[in-house]
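For the sequence shown, position 302 matches number 302 in the UniProt record's numbering, and the numbering has no gaps at all. Step one of this worksheet: look at the structure below.
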Amino acid sequence: MSILTQSGRAAIAASIKEQVIHLAWGSGDGNSGSSHQVENSFTPDGEITLDHHTIKDVKVFTGQITYQPSIDYTVDSGTGIIQRTENSSIPTGGTVTIEYTQDTPPELITSTTLLKEVGRRVVDEVLFCVGDENGELVTPTGRFKPSNVPTNNLFLTFTFDFTDAANQVIRELGVMVGTKLKENLPPGQRYFEPKDIEDPGILLLKGIGDAIFRDGDIITGADCIIDGENGKVTLEAGKIYLRGAVRKVEAKEFVIPLNTTVRIGVFFALSTITELEDENLRDPAVGTRNYQEAGAARLKVSTIWGYQAESVTVNSANGEFYPIYNIENGVLVEHSPPPQANIVTTALARYDKEANGSYVVNGLEVMFLQREERGEKGFVINEGKAHVDGYEIELPHSIRVSFDEDPDIKAVKSESHTFQPSQGVMELKVNDFPVSEIKRIDITVQKTITMTHGSYSGVVDPIPDSAVLEIIQIKQGDVIYENSTDYKLNAGNVDWSLPGKEPAPGSSYQITYRFRTHVSPEDVNEQGCKVRGAVDNSLVLIDYTWKMPRFDLITLDAKGVVRRIKGIAHPWKPSMPKAPAGQLLLCYIHQTWKNGEKVKIVNNAIHAVPMNELEAMKSGIRDLYALVAEERLRSDANSRNPTAKKGVFVDPFFDDDMRDQGIVQFAAIVNKELILPIDVEIIDVEKGKKPYLLPYELEPVLEQLLQTKSEKINPYQAFDPVPAKVTMNKNIDHWPEVKTNWKSPVTGQFNTRETTELLSSSTYEAEFMREAVQDFEIEGFSPNEKLKEGKVKVPANIPAGTKLVQFYGDKGSYGEATYTGKKTITIEERRRVFSSKRVDPLAQTFTLDESRHIGGIELWFTNSGKKRVVVQIRETTVGVPSQIVIAENSIEPTKINTNGTATRITWSPVFCYGGQEYAIVLLTDDGENAVKVAELGKYDAVNSRWVTSQPYQVGVLLSSSNASTWTPHQNLDLTFRLLAAKFTEFFHVIDLGKVTANNTSDLIVLTNVEKVGFDTNVEFILIDEEGKENFLSDNLPLALRERISGELTVKVALKGSGKKSPVLYPGLQLVLGNVSASGDYVTRSITAGSNTKITITYDATSPGTADVKAYVQKGVEKWQLVDLTAGKPIGENWVERTHVLSNFNGNETRIKLVLSGTVVYRPRVKNLRVIIT
């Protein structure tokens, strides 16, 4: 169904405003409003038919007895029939007196003039206006205020004189536009009678219906109130537009499930009422041949509130369902009309999205509320406004959302502890917590029992307990037997086969031994439990599971639905998830799952910055520059004052500027910290040509199957060659080179932060593409034309970015592809295939109701021609195809069906968003290729029907000779069936290949992953030769606890749903990092002097065996170690360390810091200050 959007209504209002507007009035039907009194008798069928209709204010009585409506009789005001009820107190066939008023008949939609026009006035003032409860424009439907921009509301002011239409009764009004007056009327005349009118113009009437409203639009009332605790929903009575009319719906209450998505709406049911259900449908004409014969049946419309949920099957007997409200996990999503799929609003939304992305305008802060009894965590999202993918979402009040507390569990087996009790009980604290469940505790127990010796010498006596570790003592009376002399422990038994002493057969003896056994934990808490009964200082082994920390994020989509996106948990370094496409990030949640520890929320949504704040920031930056300049001058003055300081040096480690550029040094500066450097090896894991998705099959998602004629694809006979299809085996390189002396840019790739800071730097480290040689293939060149395939070399010193690679054949053929080499490659860049050459296309626009992966199309050809046909899916701009191609494939003439069956063309599925307009584009350089189309008003012989309405109302057929200027064909539509991917598996693991690691300490997977929905995810798995798995997220570093070497198997796990899959684009690269055991940093030269004191201060964190040493240069390549003098904790494991060297002699010096560490223990340094006095 086509819809008239807000902007479309505003355009109509603007068009009306520019025309001549009159308010006409007339006397209408003179009988309207007249009162009547009649006396009549009921027929044997209990009816009285009045002489007038429509009627109102009916009163039925006999003498002093007044009968009650609905109890004694009913009134059909439209037909003027009074019907006696079955149990009426009116006597059968009785005579009654009826008083009634003749009502104004309903206005007809076909009306073009007033019934009896008396005159009309020219409008005095026309204003655009918007609703405002405090507005100065007062109307019967509410208050409004004037608007300076076009809106869909017009406020018209007319001023009539008392002398206008004197002595006339006015019963009708009408707004007329486009009135044409007769010539030679007096200038300035404002009131006109019918004799002054040559053309009355167009009469605007109410009830435009579908041109203004859409099915499901709320006209009045119909508010929805939900109780988030028990799921009770209260729906008020109201009026809703359905099926071309405004329908009443009564109030209703019901209970809905709270753990799923629920759609609340109205069931619209049509039923036929015949004479069997309603006797009044029989002919009441007494004395005629047709008396009591069945009349025409009636169509009854029923509307009732109801709901649909994912876990609830709706009975189709309830009629067609029209959704109005959405409930997500018990939270009412604010009702607002969905984004309108028209050219203007779609283009504006796309421009806003492309220019600004998704952002918060104001509010929408997220706060943690509490842990709920149902095992959920509650959050509050404050009121505010945001733009998501170009569409405005507003929460007029804060909302409460809850998410399951579902930590990722990791199992720990045989964690060792030493039993060191206090009063026989040990408080065992595990290494990793919080504990989810303690599976088993294995301890060493010492036990003394009495055993009976066997019936003969040298027998083996079994010990009743298994897993015996050792025998402490065997004693019989005062005799103590010696281990390994008299007996030995053999397979958990006492073996008396040795030649030493032995108890008499059948006699008893005491044995003390130790064995391993399982015990139950006591007083289990999140950090461990209590253990008793073990041997002091013995080994305790515990198996347990614990809750790994994780970063989640809360997002908002273009429909106002709040979702939680789960990250990838990790024992010590969980990965930050990324917001999927179509989701606006509101905040990160740091989930540690520890009792008593408050959930950490980082509200880091992107906010729109008003111009006044930008101006204030600009002023603040100017002030900051002035302050920096002042401080530099002050420092310079201090350093020049010999009575105070000889030299001052500071380095905040913003970048590598303050280092001595002439001395080789290896420590890296990343995120304002000095750290150990990392050397890297980049490995291309796979060189696939197509994206990876979940396994799928294609199903129809959109179709227009009517066909009345043939349309040539190349109607303008433009024969420029269609560009050939060029495939490069690897057209992506995620790792650019940086021309620098330092290892900071490389090491920085392995260190990420939650926040981004804007810093000033005096140097610019340019990125360049890495040198490479890439294979390519070409499809579409002429036979025997050179350049069928070959190699493309990427030379040195090519700036990073996306480059166009062009291929020319010696017979005029042409092809092109892109090669991208840069650090940040967006999903949009991976999706697009930009075509710089314009050729002759035929196009059909379309819009999907919901977002889907489009993987192919079926077309009906009437002629195959001699050359291939290229089929593309393109983005559109203002309703016409753009040059941005997101999917493409071609078909040779030999594979085209012209026998009336469909020809299928497929490609790797590409994700198309619902509500966004795209175009199917057909290209060929052959003049004979033709496809079937449907033309309005023509006969479809295949489907045996006339095309009486627009075949496909969401799109239009277009043709062009240059792909720039397009001709729309409003009465034509392409015959097609669009195919979408239906995914047959929701979880799928793909083996990408193997790589060899050599002493690797850090890992990064560089790739492009398109997560098209909240329920899609990609996780990379690296398995070493011992089977140990390391889990990585795309483009996020992982620091290992131990180095790995040998062969690594690289796998990827895809997770999605039936209609959505993550997309892993080809060109995955694995970066293997090797952190150095040490790294050094050398300052620039600092002024010193004789007998001076050097104070070196910096902030450092040095866990475990990590260390930082400070040196002072005493001569060329001579360095003196400066001992640590003092250390002061400053919070978060940082320590302010100070090194002091006295009696230094030298005109100048330098300071060197040497960092040392391991894979696990890595030192960090910041805020270096050196003062020489």
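Backbone N, C-alpha and C define an ideal beta-carbon position, used for all residues, glycine too. Please read all numbers here as calculations on a predicted model, not as lab measurements.
In the three-state reduction of the DSSP assignment, Pro574 falls in the coil class. Here Glu785 carries a coil assignment [DSSP, helix/strand/coil]. Counting of Cβ neighbours within 10 angstroms places Ala294 among the exposed residues, the total staying below 16.
In this structure, the alpha-carbon of Gln583 lies about 43 Å from that of Lys867.
Annotated three-state conformation of Pro323 is strand, per DSSP.
For Ile65, the number of other beta carbons within 10 angstroms of its own is below 16, and it is reported as exposed. Judged by DSSP in its simplified three-state form, Asp161 adopts coil rather than helix or strand. Residue range Gln6 to Lys17 is occupied by the alpha helix (DSSP H) that includes Gln6, with no beta strand (DSSP E) assigned at that position. His518 counts as exposed, since fewer than 16 other C-beta atoms from the protein chains shown sit within 10 angstroms of its C-beta. Rounded to whole angstroms, Met176 and Phe192 show a C-alpha spacing of 13 Å.
The residues Leu694 and Pro695, in chain order, have a CB closer than 6 Å to that of Glu985 in the same chain once the five nearest residues on each side in sequence are set aside. In the structure shown, Tyr291 falls within a coil segment according to DSSP collapsed to helix, strand and coil. Ile565: member of the beta strand (DSSP E) spanning Val562 to Ile565, first to last residue. Sequence-distant Cβ neighbours of Ala309 in its own chain, meaning closer than 8 Å and more than five residues away, are Ile256, Pro257, Thr260, Thr261, Val262 and Arg263.
Listed in chain order, the non-local C-beta contacts of Leu1003 below 8 Å within the same chain comprise Leu1022, Asn1030, Leu1032, Pro1037, Leu1038, Leu1040, Leu1070, Val1071, Leu1072 and Gly1073, local neighbours out to five positions each way being set aside.
In the structure shown, Tyr913 adopts coil according to DSSP, grouped into three states.
Less than 9 Å divides the Cβ of Gln37 from the Cβ of Thr97. Only exposed fits Leu627, as fewer than 16 other CB atoms lie within 10 angstroms of its CB.
Lys116 carries a coil assignment under DSSP once its states are collapsed to helix, strand and coil. Measuring C-alpha to C-alpha distances from Glu597 to each of Pro577, Met611, Thr545 and Gln370 identifies Gln370 as the nearest. For Phe419, no beta strand (DSSP E) encloses it, and the DSSP letter there is neither H nor E. For Asn152, the CB contacts under 7 Å within the same chain, skipping 5 residues up- and downstream, are Gln6, Arg9, Ala10 and Ala13 in chain order. Rounded to the nearest whole angstrom, the C-alpha separation of Tyr509 and Gly533 is 24 Å. Assignment of beta-bridge partners to Asn1074 by DSSP yields Asp679.
Under a 10 Å Cβ-count criterion, Val1005 is classified as buried, with 16 or more other Cβ atoms of the shown protein chains found around its own Cβ. Within the DSSP bridge table, the entry for Arg1169 names Val650 and Thr1097 as partners.
Around the beta carbon of Tyr1161, fewer than 16 other beta carbons sit within 10 angstroms, so the residue counts as exposed. Selection Lys594, Lys600 and Ser1001 evaluated against Asp432 yields Lys594 as nearest (Cα-Cα).
Here the C-alpha atom of Asp199 lies approximately 22 Å from the C-alpha atom of Thr157. Rounded to the nearest whole angstrom, the CA to CA distance from Glu99 to Arg298 is 29 Å.
Spatial neighbours of Ile197 in its own chain (CB-CB distance under 8 Å, excluding positions within 5 residues in sequence) are listed in chain order as Arg120, Thr179, Lys180, Leu181 and Lys182.
Beta bridge pairing from DSSP links Met611 with no other residue. Nearest Cα to Glu405 within the set Gln168, Thr418 and Gly375: Gly375. As the crow flies, the alpha-carbon of Asn998 is around 26 Å from that of Val989.
For Phe61, the enclosing beta strand (DSSP E) begins and ends at Ile55 to Thr62. The count of Cβ pairs closer than 8 Å, one atom from the stretch 1112-1122 and one from the stretch 1150-1158, reaches three, so the stretches are in contact.
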